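These notes concern the structure reproduced below.
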Amino acid sequence: MISVRPAAAFKPSAPPLPDAAYEGSIRPGRDADAAGYIALIGACWGEYPGCVLDVENEAPELRALASHIAARGGALWTAEVAGAVVGMVGTVPLNHDDAWEITRMYVAATHRGTGLAADLLRTAEGHARSRGAKRIVLWTDTRFEAAHRFYEKHSYVRAGSIRVLDDRSRSLEFRYAKPISGTVVEILDPAAAVSAERRLAEVLKACVDDGAVVGFLAPLPIEKARAFWRERASEVAAARRVILAAWVDGEIAGCLQLDLDVPENQTHRAEVRQLLVHPEFRRRGVGRELMARIDRAATAHGRRLLVLRTWPGGPAETIVRSLGWQFVGVIPGYAMRPTGEPVDEGYWWKRVE
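Counted from 1, the sequence shown has number 244 at position 244 by full-length UniProt numbering; the numbering is strictly sequential.
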């Protein structure tokens, strides 16, 4: 129904400060911070067996990192508490796609869970956006699983192949990316679909708990929502489903699915499922952007006929009608609202070329 080097190591070797905000400041980085940077990065890498920080042979730029990043047109920030460096992040422009890269992001183990990492990331993203960035990319070591969860929480998704570094740490790195400016709709490949699970689950839960009729009852447990998207990601990998995600100013705000799993005598058609827009992002054209993109996704998979279901009077009805969908009819009492009351179901179809 419609409705650079490995990034910060977030593995907690020391307990974070529970539910506390860090007491310090984020300021522009300086070359004089070199000793603090080297100590911070060394401590983060030291949490993982096999990660070796070889400053002299592999990272000499750390001796004057602020100047190094400035020479590339970027910026660097230091998080400081009582004179000690407890966090850092840099961002530099790339030479394609109006993209900037987040680089050298690290947070001391004692200051994870305090909001510092999120503030550093927002600072770097905001700077890149103010300089015209349309997209942000970053690389993170495949071993840094907590870092992956952090970036995925902030709407980054896996993008592209794994990078192999010829270094003493034998590093393999995932590439993460996201659009950062305006409303952007993208199709998620299998790796992106897996890494979007956390944020898509939050969107699904928010919609169901807000009353959307999309196959679940409220309140929707977040683990159930995550299991749902985990299964959908496996269907993307099997070429049985397409997932479109919409970002608004860098945050995943909505999604839409195209179900390709049909009987062998119906492979000319597909079903559009679950138009979801997080309540905080409604009335901003997100749903329409998603629906407008679905035709191209269908034709790319050789589908010429689309069908969908929605509840009469729901927010999707106006969108589909304005985009040329044809109304078939209503089945009374077909489903239940998240609160348990019966609701009718409307059927629609559309031919695409």
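Even for Gly, the Cβ is constructed at its ideal location relative to N, Cα and C.
Since the structure is predicted, the reported quantities are computational estimates derived from the model, not experimental observations.
Length of the line joining the Cα atoms of residue i and residue j
{"i": "R232", "j": "V55", "result": "43 Å"}
{"i": "V185", "j": "I294", "result": "10 Å"}
{"i": "T114", "j": "A108", "result": "11 Å"}
{"i": "M336", "j": "V320", "result": "22 Å"}
{"i": "A253", "j": "A201", "result": "11 Å"}
{"i": "D209", "j": "W77", "result": "39 Å"}
{"i": "M291", "j": "A124", "result": "32 Å"}
{"i": "P315", "j": "D33", "result": "53 Å"}
{"i": "L308", "j": "W348", "result": "5 Å"}
{"i": "E280", "j": "F228", "result": "22 Å"}
{"i": "G346", "j": "R149", "result": "38 Å"}
{"i": "V242", "j": "H268", "result": "15 Å"}
{"i": "I222", "j": "K205", "result": "7 Å"}
{"i": "G83", "j": "G24", "result": "9 Å"}
{"i": "E47", "j": "V86", "result": "15 Å"}
{"i": "T183", "j": "W45", "result": "36 Å"}
{"i": "A238", "j": "F144", "result": "27 Å"}
{"i": "L120", "j": "V214", "result": "36 Å"}
{"i": "R163", "j": "V262", "result": "37 Å"}
{"i": "H278", "j": "Y37", "result": "38 Å"}
{"i": "W139", "j": "K224", "result": "30 Å"}
{"i": "A43", "j": "R122", "result": "23 Å"}
{"i": "T318", "j": "V328", "result": "15 Å"}
{"i": "G29", "j": "G50", "result": "28 Å"}
Selected residue, minimal CA-CA separation from residue i, among the options
{"i": "M88", "options": "H96, L165, H111", "result": "H111"}
{"i": "G126", "options": "G160, E145, G74, C207", "result": "G74"}
{"i": "H301", "options": "R284, N265, D259, R283", "result": "D259"}
{"i": "R350", "options": "E317, A246, G340, R304", "result": "The question names Arg, but residue 350 in the sequence shown is Lys. The residue with the shortest Cα to Cα distance from K350 is R304."}
{"i": "A154", "options": "G36, V52, R30, A117", "result": "In the sequence on display, residue 154 carries His and not Ala. Checking every option, the nearest Cα to that of H154 belongs to A117."}
{"i": "R284", "options": "T318, E317, V248, N265", "result": "V248"}
{"i": "Q266", "options": "L306, L276, A245", "result": "L306"}
{"i": "L275", "options": "T91, E289, R131", "result": "E289"}
{"i": "R72", "options": "V92, R282, V286", "result": "V92"}
{"i": "R282", "options": "V203, S181, I187", "result": "V203"}
{"i": "E173", "options": "A147, A297, A79, L188", "result": "A147"}
{"i": "R198", "options": "R226, P179, D189, P190", "result": "R226"}
Nonlocal neighbours in the same chain, by C-beta distance under 6 Å from residue i, ignoring five residues either side
{"i": "G333", "result": "P342"}
{"i": "Y151", "result": "Y176"}
{"i": "S195", "result": "E152, V157, R158"}
{"i": "V137", "result": "A99, E101, A177"}
{"i": "F216", "result": "V208"}
{"i": "E58", "result": "D167"}
{"i": "R273", "result": "Q257, D259"}
{"i": "G340", "result": "none"}
{"i": "Q326", "result": "W349"}
{"i": "D97", "result": "R135"}
{"i": "V52", "result": "R168, S169"}
{"i": "V81", "result": "G24"}
{"i": "D31", "result": "A64, A66, S67"}
Boundaries of the alpha helix (DSSP H) in which residue i is found, first to last residue
{"i": "W229", "result": "222-237"}
{"i": "E202", "result": "197-209"}
{"i": "E317", "result": "315-322"}
N- and C-terminal bounds of the beta strand (DSSP E) containing residue i
{"i": "L309", "result": "In the sequence under discussion, the amino acid at residue 309 is Arg, which differs from the Leu named in the question. That run of the beta strand (DSSP E) goes 305-310."}
{"i": "L290", "result": "Element bounds for L290: not the beta strand (DSSP E) but the alpha helix (DSSP H), 286-300."}
{"i": "residue 373", "result": "Outside the shown range of the chain (1 to 353) lies residue 373, about which nothing can therefore be said."}
{"i": "E345", "result": "342-351"}
{"i": "R241", "result": "241-248"}
{"i": "Q326", "result": "326-336"}
{"i": "T183", "result": "183-187"}
{"i": "L256", "result": "251-259"}
CB contact check: residue i to chain B, cutoff 8 Å
{"i": "A66", "result": "The chain labelled as chain B is not found in the depicted structure, where only one protein chain is given."}
Contacting residues, own chain, Cβ-Cβ under 8 Å from residue i (five flanking each side not counted)
{"i": "D344", "result": "W311, P312, V330, I331, P332, G333, Y334"}
{"i": "A218", "result": "V208, D209, G211, P338, T339"}
Proximal residues to residue i (C-beta, below 7 Å), its chain only, five neighbours per side dropped
{"i": "A192", "result": "V157, R158, A159"}
{"i": "E251", "result": "S155"}
{"i": "I69", "result": "A75, L76, G90, V92"}
{"i": "A297", "result": "I187, V242, L244, L258"}
{"i": "R129", "result": "I180, S181"}
{"i": "residue 413", "result": "No answer is possible for residue 413: it lies beyond the span of the chain, which begins at 1 and ends at 353."}
Contained beta strand (DSSP E) runs [length at least 3] in the UniProt domain "N-acetyltransferase" (24-181), N- to C-terminal order: 25-28, 75-81, 84-93, 99-107, 135-141, 172-179
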